[in-house]
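Remarks on the structure that follows.
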Amino acid sequence: MSLIAHYLHKWKIRLGIFFVLVCIWPIQTWVISLMSHDALTPYEINLTLPLSDKLNQQYGLSASSHIESVFVSGSFSDWHPDDAYYQMRANGDNQWQFTLPLHHGDIEYKLVLQVKGEQDPIWILDPYNPNTSVNPWGNKNSLIEVADWPKIALITQLLTFALIGSFLLFCLLEPLLYWLLHLKMPLHRKLMLTNVLILVCAQVIFFSYQLHQNRQLIKLSVSDTLHNMHLLLASNQVDFTDLTNQKTQIDKTISHFFNQATTRIDKKQTSLFQITLSDFAVLDNDGQLISLHHRQQNESIQLDRATKLGFNSTSDYFVKGMWSKLIPLAKQDALNGQLITAKRPPAIRHVETNKTRQGEWVLGFSQVMQPIIERGQLMGFYGGSIQVKLYGAELLNTLIFQLMLLSGVLALASWLLMSVGKIVTADILTLTNWTQKVVKGDLTQKLKLNSQDEIQQLGDNFEIMRQSLAESFHQIEQQNSNLFKEAYFNNLTGLPNRKKLYADLSKHQASSLLVFNINNFGEINDFYGITTGDTIIQKVANGLELSCAPHSLYKTGADEFVVLMACDCSDQQLQQLAEHIIDHISHQAMTIDGNELYVTLSAGGAHCVNDQYSQLHQQADLARRIGRRQFQRYRLFTPDMSNPKAFEANMHQNRILVSAVQHDWVTPYVQLINPLSADAQPKFECLMRICLDDGTVLTPAMFMQTAVRSRLYPRMMKTMLEKSFSLFSQLPYEFSVNISLEDIADTERVAELFELLKANPETSTRLTFELLESEEITNYDLVHDFIVKVKPFGCKIAIDDFGAGYSNFVHLMSLDIDVIKIDGSLIRNLDIDTKAQHLVETVTHFAKKMNIKTVAEFVDSEQVLSQVKHYQIDYAQGFLLGKPEASIEAALSIQRDNSA
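If you want it as C-alpha cells, here you go:
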C-alpha cells in the first residue's frame, strides 16, 4: 500500500473528527463570552448602623459609638496606588453605601470605621458578605470571587489548540510510521527513521511551547513597563479623570523620563529581558491621541517611515496607520483591563527591516494598548510600540542551538538504535534463515539464539515446533507408506493391486498383458470356507510369482491376477506363457489342513495396439470371458471381440428405455387364451410392450435383456402391473401376467405387488401369475411363501413354458399350481413329432389327475390345434387364435372371426 493510500485510509472518519474539533473553538468562545457577559457588574457594598451587639462586642464598639465616616480598603488595582481607600456615601443617618468596580480575579477588602473621639480607625469584615479569605498573616478579609475569564479563555483556547494539533500530528505521523514500518528495508533502519521522526516532532512541540512561554513573559514585561509609566505619571500629580487637559503635565513627565532613554543592550542577558518600548503614547477614552513620545534614537526613524508612507506626522503614522485596528479593538474590550496586542498592519510592515519583521513574526506582536481603568470607568489608554529586533536575533540563536542539540541527540539515538537494531536483526536473520530451511523440508538443524528476550522465547517456541514437525513428518511418512501400501497393494498377497496396475499402464511401458481367473472360486469359498479360500489365493499368488518371472504380477480382483509384460512378444509366446502358468498351477495339488485341493485357471491375453494401454486389461479380460464361455482355457483378444456398434446400440436402447419410463410408454398388450370347451370363458395374457411416440411397438425380445441389465425392469414391471389391473378392473375376464423368480426374490417389488392386490380385491380374484419354468427354481421356500401369500387374494398360479429349460414334475407336486402352460417347443411340431406327442400326453394326463388346467402355447396351425384338442388340453394360445393386441376388444374380435 502506498503512502498516499495510507493517508486516504479512513479519511472520512478523520475529516469528521477534525471538523468536530475545529467546531469546538467557536463554541467555547461563544460559551465563555455568554458566561462572562455580566461578570464585571459593580458590586454594591452596604452597611447599616448600629451593628448587632455581637459585632459591637467583637470589634470593641458600643451602642453609643458615633461613626463619622466609613471607608472600603483593599488591593483593588496595581494601577492606582492612591485607590487603597474608597469612602462610602452616607444615605441617611445610619446607612452607608458604595458601588465597588470589579476586575477579573479575587478581590479582598475590609470596611474601615472612623469613630468620633477615637484616634485609630476600626477594621471590620463586611457583615453582609459571608465569603472570607485568610491572608498570609492569619487575618481574615471579606472576599469577592470574580472568575478570571480572560485566563479561562486563554487556557481553553490553548487546550483546544493542543487537542487539534495533537490530532493533526497523529493523522500526519500514524500513516507515515505505518507506511515506514512496512517498507522493505532492514529493521534497524526502520527503528532509526522512526526515532528521527518522533524526536523531530517532540522538538517542534517543545520549541512551540517555549515560544509561547516567551511571548507570555514578554507581555508581562511590557505590562510591567506600562505600569511603571503609569506610576510615574501618578507620582507627578496627573489627574487621570481629566486626561485631555493634562497634556502639558503628561508631556513634561514623559519627556523627562522617556525621551532620553536608549535601548538597553547587555551582552550577558538574553534579549528576552531587553524588550523595551521604543514609542509611548497616552490616548483619551475615545482613542484620541493626547501625547506621543519616541525614544530619541528612534524619533528620526519613525519620522522617516511616516514620510515614506505619506503621513504628515508620526502622530498620524501611529494613530491612523500603526494603531488603526488596535484602537477599536482596545475600546471594545477596555473594561476587561487586559493588555491588547497586535502586529503592524500589512500596509506598514514593508517599511520595516528584515530583522524587525522576523522578530515581530516570531513574537506575534509589536504594538500594545493598555486601558486606564479608575473606579470601574475607562479614563484612557496607554499605547506603545516595542523593540523586537533583538528578540528575533536571540530566537535565531536559540533555534540554532536547539537544532545543534537535536542533531546531537538524533545522532546519538540513531547510533544506539542502529546498534541495538543490528543485534536484534542478527537474531531475526538467523531465525529467518532457519525458517527458510524448515520450509524447504530441512528439519535437522537446531535453532540457537542468545538474545535472552522475546526473540529468544520465540526461538525456543520455534525449536519446539521444529521437533514437533520432525516427529509429525516422520509419522506422516510412515502413514503415507502405509497408505501407499493399502492403496496400491493387496493386503492378503502383498501383490500390487488394480489401481497400481492402471498407474503402471499410464506410464506406457507395457507391451502385452495376461489376465488369469480362478475358475469357480465362489463355489470353493462356499464349500471350503473363506479361510481356506484365502489360503488358496495366497498359494496361487506364490505359484504365479514363480512361473511368471521376470514379468510383473498384480492381483486385480477377488480371484483375478494380471501378468504385465514390458518386452515385446508374439501371439505364440504369449499363449505359451499363459498355458505354462495354467499348467503350473492346475497340475500341482495344494495341501491345506491335510487336504489336497486342485484349482484350474482361465486366461485371456492382449497386445498393446496403437498405444491403447488403458484398454489392455479390459481387452484381455473380455477375451478370457469369451474363451470361458466356449470352454477354452486361454483366448487371445482380437478386434472383432470388441464391437463398438453393439455398445452404441446398447446405449441407444438404454436411452429408449429411460424415455419409456419417463414418458409412460410401457403398455400391456393382451393375447387371447381360447377355451377348447364350450362352457369355458376366454382368458387373456398381458404382455409388455413399449409404444414409441413414432408409433413403433417394441416386443420384450427387443428390450428385456437391456431392461434387466440397466436396472429399469422393476419400474417397467410396476407400470405393467398397474396398467393391467386398470385394463381388467371393469371387465369379467381372467387375465395373467408373467412374473420371474427375480421379482419374487425382491422384497420391495413384492411389497408393491401386495399393495396393488389390496387396492383391487375384486380384480385380484381374476389374476393368474405365470412363473417362468425356463428359470431354474432353486429356492422352493421363497416360491412357496409367495404362493401362500397371494392365494388368499384369489390369485392363481401357472407354470409358464413347461417342458423347456429345467422342467421338473417335482415343481407340480411341491407347489400349489393351478395352470400348466405347455411350452411352444413341444406344441409347435405336435402334429409330426411323436416324442412331443408322448410328452404332451404324459403332461395332460398328469394334469388331469392333479386337477390342473392346461394351456397349449404357440398354436399356429389347424393341424396343431387338432392335436391339442385330441389330447384334451383345456386352452389354446397362439397366432392362429389371435396375436397380442392393444385392446381386449381387438383380441375378442379375432375370437369372433374364428368362431364364424
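Just so we're on the same page, our numbering is the position in the sequence shown counted from 1, plus 180.
Glycine included, each C-beta is placed from N, C-alpha and C at the ideal position.
Fair warning: this is a prediction, and the values are worked out from it, not measured in the lab.
Alpha helix (DSSP H) segment containing residue i, residue limits
{"i": "MET821", "result": "Unbroken run through MET821: none, as it is neither H nor E."}
{"i": "ASP961", "result": "960-970"}
{"i": "TRP205", "result": "191-215"}
{"i": "TRP359", "result": "329-361"}
Through-space distance from residue j to residue i, alpha-carbon basis
{"i": "CYS351", "j": "ILE635", "result": "31 angstroms"}
{"i": "ASN394", "j": "LEU586", "result": "20 angstroms"}
{"i": "PRO508", "j": "LEU597", "result": "56 angstroms"}
{"i": "LEU579", "j": "MET559", "result": "42 angstroms"}
{"i": "LYS364", "j": "ILE378", "result": "20 angstroms"}
{"i": "LEU293", "j": "THR312", "result": "19 angstroms"}
{"i": "TRP713", "j": "ASP706", "result": "First, the residue type needs correcting, since residue 713 is Gly and not Trp in the sequence shown. Going from the Cα of GLY713 to the Cα of ASP706 covers about 9 angstroms."}
{"i": "PRO941", "j": "VAL1039", "result": "33 angstroms"}
{"i": "LEU361", "j": "TRP595", "result": "19 angstroms"}
{"i": "THR424", "j": "ASP273", "result": "38 angstroms"}
{"i": "ASN834", "j": "ILE1007", "result": "34 angstroms"}
{"i": "SER1067", "j": "VAL888", "result": "26 angstroms"}
{"i": "LYS569", "j": "THR456", "result": "11 angstroms"}
{"i": "GLY539", "j": "LEU214", "result": "36 angstroms"}
{"i": "HIS246", "j": "ALA327", "result": "38 angstroms"}
{"i": "TYR289", "j": "GLU224", "result": "13 angstroms"}
{"i": "ALA522", "j": "VAL589", "result": "37 angstroms"}
{"i": "LYS505", "j": "ARG524", "result": "9 angstroms"}
{"i": "PHE908", "j": "THR943", "result": "7 angstroms"}
{"i": "GLY556", "j": "THR433", "result": "25 angstroms"}
Whole-angstrom C-beta distance between residue j and residue i, which should lie under 8 angstroms
{"i": "ILE552", "j": "LEU515", "result": "In fact, because the Cβ distance is near 11 angstroms, the residues do not count as touching under 8 angstroms."}
{"i": "SER727", "j": "HIS767", "result": "The pair is not a contact, with the Cβ atoms about 11 angstroms apart (cut-off 8 angstroms)."}
{"i": "TYR814", "j": "ALA758", "result": "5 angstroms"}
{"i": "GLU865", "j": "SER916", "result": "5 angstroms"}
{"i": "ILE980", "j": "LEU952", "result": "The sequence as given places Asp at residue 980; Ile does not occur at that position. Sure, about 5 angstroms apart at Cβ, within 8 angstroms."}
{"i": "VAL618", "j": "ARG646", "result": "6 angstroms"}
{"i": "SER692", "j": "GLY807", "result": "That belief does not hold up - the Cβ atoms of SER692 and GLY807 are roughly 16 angstroms apart, past 8 angstroms."}
{"i": "MET831", "j": "LEU802", "result": "That belief does not hold up - the Cβ atoms of MET831 and LEU802 are roughly 17 angstroms apart, past 8 angstroms."}
{"i": "TYR1051", "j": "ASN854", "result": "About 16 angstroms separates the two Cβ atoms, so there is no contact after all."}
The beta strand (DSSP E) enclosing residue i, as first and last residue numbers
{"i": "LEU463", "result": "457-464"}
{"i": "TYR893", "result": "No beta strand (DSSP E) holds TYR893; the alpha helix (DSSP H) holding it covers 893-908."}
{"i": "SER313", "result": "312-314"}
{"i": "HIS473", "result": "469-474"}
{"i": "GLU554", "result": "547-554"}
{"i": "VAL695", "result": "692-698"}
{"i": "MET559", "result": "557-566"}
Assigned secondary structure, residue i (DSSP; H/G/I helix, E/B strand, else coil)
{"i": "HIS166", "result": "Residue numbering for the chain in the displayed model covers 181 to 1080; residue 166 lies beyond these limits and cannot be assessed."}
{"i": "ASN775", "result": "strand"}
{"i": "THR879", "result": "coil"}
{"i": "MET770", "result": "strand"}
{"i": "PHE540", "result": "According to the sequence as given, residue 540 is Glu; it is not Phe. Note: GLU540 maps to helix in three-state DSSP."}
{"i": "LYS719", "result": "helix"}
{"i": "TYR668", "result": "helix"}
{"i": "ALA738", "result": "coil"}
{"i": "HIS843", "result": "coil"}
{"i": "MET868", "result": "strand"}
{"i": "THR442", "result": "Any reading at THR442 must be qualified, since the residue scores a pLDDT of 49, below 50, and its modelled position is unreliable; the value itself is stated next. DSSP places THR442 in coil when its eight states are reduced to three."}
{"i": "ALA219", "result": "coil"}
{"i": "ALA514", "result": "helix"}
Cβ neighbour criterion (16 or more within 10 Å) applied to residue i
{"i": "PRO281", "result": "buried"}
{"i": "LEU400", "result": "exposed"}
{"i": "ASP459", "result": "buried"}
{"i": "ASN321", "result": "buried"}
{"i": "MET549", "result": "buried"}
{"i": "CYS747", "result": "exposed"}
{"i": "MET502", "result": "buried"}
{"i": "PRO526", "result": "exposed"}
{"i": "ASP739", "result": "buried"}
{"i": "GLN689", "result": "exposed"}
{"i": "TRP191", "result": "exposed"}
{"i": "HIS787", "result": "buried"}
{"i": "ASN660", "result": "exposed"}
{"i": "ASN670", "result": "buried"}
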